[in-house]
Ligand code: SIN
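Numbering (the numbering used here), first residue to last: 41 to 340.
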């Protein structure tokens, strides 16, 4: 029996991955069927795809910060056709529901992506990434409530599958963006994506990252993410997927106490690819010791 339903999709628990932070295809190659027996997440969110293939940003793409990191990856991916032809068949057998993350450089591009992914039964939900800080125009839709509403309105008629809006913390009022997404027909919101940041080469004083700026993630941003999740959850009725530096069950419980229905693990999976299993187990223990079961008989 499913422990929880997220937008009508049964999940065995509330722990997802943050898009782009766990390569399930590479992990399957490395670990074989053992990955399926102990899959670290209760739903799998793909790396964001775009209409055309992308190489991503020039290296270097990562910088370690105190309690976190900055990435400037730039959404490298095979493009819609490449994803459907070669990645989707490898992701479809995963033992958990599949969420495909899409990003468009215009509303029409986003609509094309949504329509194409909607055709595929293997996909349970779609995530609209309107919050990537690492591509030109990546934040244009997601930093502004009116632009966000227009984007959701444009794609809503293209799919009956649940639409999750991935929100940026780099907005003046993330709760207003979430409310606009909800008003336009989004089924859930996920937050936070990374906070825009920068590192300088200590030798030259020039930007270290090939993309000049990047997105800060990890425990360094957890308090900011928690506040934004609480603000969004108190503003919208739709489910909230909370993320931002979660590295333990206790921290996952904080996000759920702040109003999240589910949580996502990102940077911690780079340190420990099995972090999702550990965090889910810690969260379940904590729920039992509190005498509550936030992951059982919850339907949203
Ligand atoms: C990236 O590929 O640059 C990271 C994805 C994101 O921040 O949405």
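The beta carbon of each residue, even a glycine, is placed where N, CA and C say it ideally should be.
Quick one: measure Cβ to Cβ for residue 47 and residue 214, integer angstroms, because I've assumed they're closer than 8 Å.
-> With 8 Å as the limit, residue 47 and residue 214 do not qualify as a contact, their Cβ atoms being about 20 Å apart.
Please name the residue, chosen from 185, 87 and 178, that lies closest to residue 272 on a Cα-to-Cα basis.
-> When only C-alpha atoms are compared, the closest one is 185.
With a Cβ-Cβ cutoff of 8 Å, do residue 281 and residue 315 count as a contact?
-> Taking 8 Å as the Cβ cut-off, residue 281 and residue 315 do not qualify as a contacting pair.
Top-ranked residue by Cα proximity to residue 211, from 227, 161 and 268 | Ranking the options by Cα distance to residue 211, first place goes to 268.
Under 8 Å, do residue 265 and residue 105 count as touching if we go by C-beta distance?
-> Taking 8 Å as the cut-off, the beta carbon of residue 265 is found no closer than this to the beta carbon of residue 105.
May I ask you to report which of helix, strand or coil DSSP gives residue 325?
-> When secondary structure is reduced to three states using DSSP, residue 325 falls in the helix class.
In DSSP terms, what residue 110 is bridged to | Under DSSP, the beta-bridge partners assigned to residue 110 are 103 and 256.
Give the DSSP bridge partners of residue 94, in chain order.
-> Beta-bridge pairing links residue 94 to 117.
Please classify residue 348: is it buried, with 16 or more other beta-carbons within 10 angstroms of its beta-carbon, or exposed?
-> With the chain covering only 41 through 340, there is no way to say anything about residue 348.
Compute every distance between the C-beta of residue 88 and the non-hydrogen atoms of ligand 1, then say whether any falls below 7 Å.
-> Residue 88 has its CB nearer than 7 Å to a heavy atom of ligand 1.
Any idea what DSSP makes of residue 202, helix, strand or coil?
-> In the displayed model, residue 202 falls within coil according to three-state DSSP, outside both helix and strand.
Compute the minimum distance between the beta carbon of residue 113 and the heavy atoms of ligand 1, and state whether it is under 7 Å.
-> Taking 7 Å as the cut-off, the C-beta of residue 113 counts as close to a heavy atom of ligand 1.
For the candidate residues 178, 134, 250 and 229, whose alpha-carbon lies nearest to that of residue 205?
-> When each option's Cα is compared against that of residue 205, the closest is 229.
For the candidate residues 140, 275 and 114, whose alpha-carbon lies nearest to that of residue 123?
-> The closest CA to that of residue 123, considering only 140, 275 and 114, is found on 140.
Segments assigned beta strand (DSSP E), at least 3 residues, entirely inside the stretch 262-291 | Within the stretch 262-291, the runs of beta strand (DSSP E) at least 3 residues long that lie entirely inside it are, in chain order, 280-283.
Please classify residue 309: does DSSP put it in a helix, a strand, or coil?
-> In the structure shown, residue 309 sits in a helix (DSSP, three-state: H, G or I).
CB residue 251 to CB residue 59, shorter than 8 Å?
-> Going by C-beta atoms, residue 251 is not nearer than 8 Å to residue 59.
Measure the C-alpha to C-alpha separation of residue 181 and residue 222 and round it to an integer number of angstroms.
-> Rounded to the nearest angstrom, the two C-alpha atoms are 15 Å apart.
Beta carbon of residue 171: closer than 7 Å to some heavy atom of ligand 1?
-> Result yes, Cβ under 7 Å from ligand 1.
Just reading off the alpha helix (DSSP H) that residue 77 is part of, what are its end residues?
-> It spans 74-77 - the alpha helix (DSSP H) in which residue 77 sits, taken as one unbroken run.
Close-in-space but distant-in-sequence residues of the same chain around residue 130 (CB under 6 Å, 5 per side omitted) = Sequence-distant partners of residue 130 (beyond 5 residues in either direction) whose C-beta falls short of 6 Å from its own C-beta, in its chain, are 65.
Nearest residue (CA-CA) to residue 174, options 128, 320, 234 and 164 = It is 234 whose Cα lies nearest to the Cα of residue 174.
Heavy atom of ligand 3 less than 7 Å from the Cβ of residue 105, yes or no?
-> Only ligand 1 can be found as ligands here, which leaves ligand 3 out of the picture.
Any idea if residue 167 is buried or exposed, counting beta-carbon neighbours within 10 angstroms, 16 or more meaning buried?
-> Under this definition residue 167 is a buried residue.
Which residue from 319, 300 and 146 puts its Cα closest to that of residue 276?
-> The shortest Cα separation from residue 276 among 319, 300 and 146 belongs to 300.
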